[in-house]
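Reviewing the structure listed below.
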Amino acid sequence: MKHWSMVALLGSSIVGMLIALPVHAATPVAVNAGKATLSPENTRLQFVCAHLGEKPDPRTGTFAKFTGTMEADVAAKSLKSLTLDFDVNSLATEFGKLTTHLKSPDFFDTREHPKASFVSKKIAPGTAAGESLVTGDLTLHGVTKSITVPVKTAFAESGITLTSDFAIDRSEFGMKYGLDKVDKKVSLTVVIGEKNKVFAEAGK
Amino acid sequence: MFSLDFILKGTVAPAVAAFVVALLLKRGSDGSRGVGAVAYAVGQTLGTVWMLYGSGDGFPTRNLHWVPWVGILAAAIGPTAVAIGLTALERWILTILAATAAAILLVPQWPDLWPPRLISIALFVLVAFSVQRLADRLTQRTSPRLIALAMAGTALFAAMLITASFSLRVGEAALITAAALSGTAVALMIWPDEMAVRGLCLPYVLAVGGWCYVTAIEPVPPLIALLFLPAALLVLWLGAVGPVSRWTSRPKIAVSVLLFLLTLAGIGAWAWFSTEHGEDEYASSPTRASSIDDLHFGR
């Protein structure tokens, strides 16, 4: 009886550990001469916005084309800078009509504002080890605003990984369409060390 | 979909203003060729200034913003282009000049524009000139009421289609044009006037055609179907020439209206389905959660 209890306990522990493991483990991005080059091959970028009301139906999107640079001192385990440049026309969601609508003047107005960017200005240590607060200029829809985002970094011999979850208010960037129907809060996730998930409608 | 504020300022006000101006002009003047165009211009200006620029958007900065002003410019030239004293060549030159000015403002300078800008300008002028001339000739062969109704109907349909298939903001701006044309059309339905409708042809072509053009080229791939919409009223030629033209008045008008509505429906279906790349955006998402805070971004 005791034997079977031990087996069950061991089995449940293994299953528990497997469930607890992240689905997409981040692979450290190589840092050469203090710099890492970022692209959709090694950086996952995702934004989510929900409708207001009883059926939020959150919509997930990304940018299929972007480039960036991350500067870090691997020996000192410190992040130095982070820049990202997006091709807003590469915006992609799960739905073709939604992608077209997001590119229209109601939202991103990609014809008028085809580029977006983030340039870090200041990086301060966070409350826990491996955490930082990155302050920088986010340019979106032709509007530049300073934002501060929390990031978690992990340094390894082979490079660095970074994750950040934060939210912006789209109305502060001039995207004021349907504020009574679509949440003004847009949640963003950046994972450096994971390949970007691109939807079938990307680049249309 | 549309806010009450927009419905009042962007549709009711321009439509009523256009109707009242048409009524006043009709009663106060013998010259009628400017009635429709001036009424439309007043409605368009009121709606545009009150609704679009009242919000502080200011001076037009891109091709989309120029469409209402192109319509107002065309309203100044349209009645002159149908003046009785002018030769056919002079009418053509005025129409081409107005269409060229419109094309320069509406055809964007995008590096990926296809066809290239100069060719696009030439095509815009050619199509606008052709539709204007054919619509103008049509007013002399069929009921001016029918033409005015078709202009307003096409403008309304274009605005709704732009709203449904592309953008609410652009659709609202196009709806102001449609409202001003509708107010004018109602007045011209009550007091039909061939010359007033002829004077309205150029502003109709450049304003409604302008909205359809700037919207059609905006997305990738372009909404080609929209480019055909301003020419939909030319289907009324089928009731003006050929066997149908020999019918008595009521069946002829009924067939003409039916053909026109079928044309609108066909173009609308083409535009709508050409934007369908998959499931509708309002369908349930595979990433659906009960609230945005329930999302864990796959980690």
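Each protein sequence line maps, in turn, to chains A and B. Every letter in the first sequence is one number past the one before it in this note's numbering, and letter 7, counting from 1, is 7. Every letter in the second sequence is one number past the one before it in this note's numbering, and letter 188, counting from 1, is 1188. We put the beta carbon where it would ideally sit given N, CA and C, even for glycine. Computed from a predicted model, the values in this text were never measured in an experiment.
Asn-89/A carries a helical assignment under DSSP once its states are collapsed to helix, strand and coil.
With distances taken between CA atoms, Glu-172/A lies nearest to Ile-147/A out of Gly-193/A, Phe-155/A, Ala-36/A and Ile-147/A.
Counted as a single uninterrupted DSSP element, the alpha helix (DSSP H) harbouring Ala-1254/B occupies residues 1249-1274. Interface annotation, Arg-1062/B: in contact with chain A, CB-CB separation under 8 Å. Taking the Cα of Ser-78/A as reference, the smallest distance to any Cα among Gly-159/A, Ile-168/A and Met-175/A is reached at Gly-159/A.
Short of 7 Å from the beta carbon of Ala-1225/B, and not among the five residues preceding or following it, lie these beta carbons of its own chain, in chain order: Ile-1267, Trp-1270, Ala-1271 and Ser-1274. With 16 or more other Cβ atoms inside 10 Å of its own Cβ, Ser-104/A counts as buried. Each residue's CA atom was taken as its position, placing Pro-150/A and Phe-166/A some 7 Å apart. Checking the DSSP bridge columns, you'll see Gly-68/A partnered with Leu-38/A and Leu-84/A. The C-beta of Asp-85/A comes no closer than 8 Å to any C-beta of chain B. Of the candidates Asp-169/A, Val-190/A and Lys-184/A, Lys-184/A places its Cα closest to the Cα of Pro-56/A. For a cut-off of 8 Å, the C-beta gap from Thr-1154/B to Ala-1232/B is around 5 Å, short enough to register as a contact. Between the alpha carbons of Leu-84/A and Ala-92/A lies a distance of about 17 Å. Taking a Cβ-Cβ threshold of 9 Å, the residues of chain B close to Glu-112/A are Thr-1061, Arg-1062 and Leu-1064, in chain order.
With the criterion set as a beta carbon lying under 7 Å from some beta carbon of chain A, the members of the segment 1156-1188 of chain B are Phe-1166, Ser-1167, Leu-1168, Arg-1169 and Val-1170, in sequence order. As the crow flies, the alpha-carbon of Trp-1110/B is around 19 Å from that of Lys-65/A.
Comparing alpha-carbon positions, the option among Arg-59/A, Leu-52/A, Thr-161/A and Met-70/A lying closest to Val-119/A turns out to be Met-70/A. Only those residues of the segment 96-107 of chain A whose C-beta falls short of 7 Å from the nearest C-beta of chain B are listed: Gly-96, Lys-97, Leu-98, Thr-100, His-101, Lys-103, Ser-104, Pro-105 and Asp-106.
The beta carbon of Tyr-1040/B sits closer than 7 Å to the beta carbons of Ala-1018, Ala-1075, Ala-1180, Leu-1181, Thr-1184, Leu-1200 and Pro-1203 from its chain, once the five residues preceding and following it are set aside; these are given in chain order. Nothing from the segment 1242-1254 of chain B brings a Cβ to less than 7 Å from some Cβ of chain A. Identification of chain A residues near Thr-1275/B by a Cβ-Cβ cut-off of 9 Å yields Gly-96, Lys-97 and Thr-100, ordered along the chain.
Excluding sequence positions up to five before and after Ala-124/A, its CB lies within less than 6 Å of the CB of Leu-133, all in the same chain and listed in chain order. Judged by their CB atoms, Pro-1219/B and Phe-1166/B are nearer to each other than the 8 Å cut-off.
Taking 8 Å as the cut-off, the Cβ atoms of Val-1205/B and Ala-1254/B do not count as close. Look at Glu-1090/B: its C-beta is not under 8 Å from any C-beta on chain A. Residues Leu-1123 of the same chain have their beta carbon placed closer than 8 Å to that of Pro-1115/B, with the five preceding and five following residues left out of the count.
The beta-carbon of Glu-1194/B is placed no less than 8 Å from the nearest beta-carbon of chain A. Residue environment analysis places Phe-1059/B among the exposed positions, since fewer than 16 neighbouring C-beta atoms fall within 10 angstroms of its C-beta.
Contact check for Val-1208/B against Ala-1240/B fails: the beta carbons are separated by 8 Å or more.
For Trp-1110/B, the nearest CB of chain A lies under 8 Å from its own CB, placing it at the interface with that chain. Taking one beta carbon from each stretch, the segment 177-191 of chain A and the segment 1137-1147 of chain B have fewer than 3 pairs nearer than 8 Å; the two do not touch. In this structure, Leu-1227/B sits away from Ala-1150/B, with a CB-CB distance that is not shorter than 8 Å. Rounded to the nearest angstrom, the gap between the Cα atoms of Pro-1108/B and Glu-112/A is 11 Å. Here DSSP, grouped into helix, strand and coil, assigns Gln-1044/B to helix. Close to Pro-1219/B, with beta-carbon spacing below 8 Å, are these residues of chain A in chain order: Thr-100, Lys-103 and Ser-104.
Assigned with DSSP and collapsed to three states, Leu-1146/B falls in helix.
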